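Working notes, structure below.
Quick look at the structure:
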């Protein structure tokens, strides 16, 4: 079987000493990669057993993988809002802790039983404790974290998008799906997508007619409808 | 190895309905691969309501086609627009787009298509050999083994997923918590239902997956600043020269093996394997500086590997019942909805389903090769469809689609709530993948944990004295502690070095 061989031979950090020797040659473009090169390659030599070995390529790849990951992340964030500040990170972590505590309270009222006779609350309690602990760890590192995005003016677009959906579900049982669906489509096209007026109106009407033909006329789905 | 069920599997594939749904699956996969925005997990989630009316094997053939089809389609956008259509094609951007600027877009697409085909096919053959072995090994797994396996699977998916490791584990915990909502299977006590009748049977998988993956992703994309879309480079000749093929054959070979292996690992899958394959080629190259400037191996390797991984990630799902990544979690959910519980008994008890799905991938890959080489022009034209037009249509399909599952407006409310949650999670750096994965495994995990405790008569050390569950749990601890140990080592190194 070539499989295990493949992991080791082709894995990013499987090749030890001799590979590290050409480390310099292998870190061109990204200056960032150069900085982290040393600790990374050392971590790659950590002794591990079969299972840990299996996770290596992802958990702690060699410098080339790190470099590739960084480039990929840079590319993906090119068009995204900047990172969020510390207050937002602290708040996020606090929400996790609160959620954990709330779940813990709810779970303990269910009764945990004993190890021999586990009650309905035992498992949720275990998860809640894990949540609280993880939330506290997150809180401790919140100032240094940089992977959350800032809420910006563009976030209002998301709120508007959500609002159209809330309207849809709020009125569907009263007036059927056609009007709220058309409205949703129009708002998304004209205001969230900045399409032209005529294009937005024509497309919205077309989409509603299409949905009516497919879901009501052809499939007979009992969704509330006007006509 | 008994060949009869394998051949019967081909009989299943060539039933007209299955042929049709295989074609639909790969075309949809190719389309969403080409269009930036929705990934395969989101698309499969949104299409879950469609699968209710069709046979399990047909449904899974289609959903699988979407998954591996997306790996082919993602290449086109990466190469032509420097805008990855798919997470697993991001790394292709570097050399693929460089080639396109040199007027060699066709070569890049051609080599990628051939690599994808080879990687996919090698992986299907290897899967056919490996999967029955894994399944027979796992046949006598009891509740303790499942507990350990599910725990390790969730942890691996969380730690290997891109982004913040701690946040991914938190997301997984929330998923486990959500899975406990509803009536407890052992005592019939209602948990976290807040006296809401709709919650008494638990939260449905469909609104969770559709909301977190589908709506969440669409809302998240709304915030993207509009990129100045350049006109796609013209694609002249897609047939690569013999020289290009010879140059990339090594990369394709290594990519196939690497993709297959990484695809099996929980948390591995298409994206990770494309990155690793790229890194390996760069490291092996005599002149690594060519990479990023149009090295054909830099296209061949990741595109081969992501397709091989997409195929092999079906192994843990179909043989152990443990999804290895977010997309597999959605397919797992689809199977459960169909009344099929994936696990070691699947190969022997439902051979038509198992071999039907596996063998359909040969056909799917042939169809995709045809779509990627002679018909590539058609898909390039699809790039002109504006995402602003697709977004509201997708939202409406989600809202109406989730209603059709139970004809219940409450499901629409749920999908919107989870859509908002999915947006917030992505925004704040929490990957929704581990949540969905933990949610689908949640009830299995709790059930096997409690059954194990009953078997052990309350003595939790029983987990450690059974060889397989013991090994898996040791691995769990190692994986959980490794990042901390590494961070400590690194800090110590830094202190030693004079600044």
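Chains as they are written, first to last, in the working numbering: chain A, 1 to 227; chain B, 228 to 726. Quick reminder that beta carbons are idealized off the backbone N, C-alpha and C, glycines included. Computed from a predicted model, the values in this text were never measured in an experiment.
Tell me, which residues are paired with residue 83(A) by DSSP?
149(A)
Members of the stretch 651-662 of chain B that neighbour chain A once the beta carbon cut-off is set at 8 Å
654, 655, 656
Counting Cβ pairs, one atom from each stretch, are 3 or more of them under 8 Å apart for the stretch 430-443 of chain B and the stretch 630-638 of chain B?
yes
Does any residue of chain B have a CB that is nearer than 8 Å to the CB of residue 178(A)?
no
Three-state secondary structure (DSSP) of residue 434(B):
helix
With a threshold of 8 Å between beta carbons, is residue 416(B) in contact with chain A?
yes
Show which residues of chain B have a CB atom less than 8 Å away from the CB atom of residue 145(A).
391, 656
Whose C-beta lies closer than 6 Å to the C-beta of residue 372(B) among residues of the same chain, with five residues either side of it excluded?
695, 696
So what's residue 113(A) in DSSP terms, helix, strand or just coil?
strand
Run through DSSP, which three-state label would residue 28(A) get?
Below a pLDDT of 50, predicted positions are generally treated as unreliable, and residue 28(A), at 36, falls in that range; the measurement from the model is reported next regardless. DSSP places residue 28(A) in coil when its eight states are reduced to three.
Please classify residue 470(B) as buried or exposed, where buried requires at least 16 neighbouring CB atoms within 10 angstroms.
exposed
8 Å Cβ cutoff, residue 407(B) in contact with chain A
yes
Please confirm if residue 236(B) has its CB atom under 8 Å from at least one CB of chain A.
no
With a threshold of 7 Å on Cβ separation, who are the neighbours of residue 211(A) within its own chain once the five nearest residues in sequence on each side are excluded?
181
For residue 217(B), which three-state DSSP category applies?
Since the first residue shown for chain B is 228 and the last is 726, residue 217(B) is missing from the structure and cannot be characterised.
Hey, residue 264(B) and residue 614(B) are a contact pair by Cβ (cut 8 Å); roughly how many whole angstroms apart?
5 Å
Assuming residue 148(A) contacts residue 656(B) (C-beta within less than 8 Å), just tell me the rounded distance between them.
5 Å
If you draw a straight line from the alpha carbon of residue 102(A) to that of residue 335(B), how long is it in whole angstroms?
54 Å
Taking contact to mean 3 or more Cβ pairs, one atom from each stretch, closer than 8 Å, check whether the stretch 80-95 of chain A and the stretch 377-389 of chain B are in contact.
no
Give the residues of chain B in contact with residue 127(A), contact being defined as C-beta atoms less than 8 Å apart.
400, 403, 404, 407
Got a sec: does the ligand ADP put a non-hydrogen atom nearer than 7 Å to the Cβ of residue 639(B)?
This structure lacks the ligand ADP, and indeed carries no ligand of any kind.
Looking only at its chain, what residues have a beta carbon closer than 6 Å to the beta carbon of residue 567(B), apart from the 5 residues adjacent to it on each side?
283
Are the C-beta atoms of residue 619(B) and some chain A residue less than 8 Å apart?
yes
Could you tell me which chain A residues have their CB closer than 8 Å to the CB of residue 684(B), listed as they occur along the chain?
116
Would you report the Cα separation of residue 643(B) and residue 206(A), rounded to the nearest angstrom?
24 Å
Looking at the structure shown, is residue 417(B) part of a helix, part of a strand, or coil, going by DSSP?
strand
Which first and last residues belong to the alpha helix (DSSP H) in which residue 481(B) is found?
469-491
Backbone secondary structure at residue 409(B) - three-state DSSP:
strand
Under 8 Å between C-beta atoms of residue 287(B) and residue 561(B)
yes
For residue 253(B), which residues from the same chain have a beta carbon less than 6 Å from its beta carbon, with the 5 sequence-adjacent residues on both sides left out?
292, 296, 591, 594, 595
Does the Cβ-Cβ distance between residue 483(B) and residue 490(B) come in under 8 Å?
no
With DSSP as the reference, identify every bridge partner of residue 614(B), one or two as the case may be.
Residue 614(B) pairs with nothing; no bridge assigned.
How would you list, in chain order, the residues of chain A whose beta-carbon sits under 8 Å from the beta-carbon of residue 446(B)?
158, 161, 162
When 671(B), 652(B), 611(B), 342(B) are compared against residue 261(B), the one with the closest alpha-carbon
611(B)
Return the bridge partner residues of residue 118(A) from the DSSP annotation.
113(A)
Taking the alpha carbon of residue 570(B) as the reference point, which residue from 546(B), 585(B), 550(B) has its own alpha carbon closest?
546(B)
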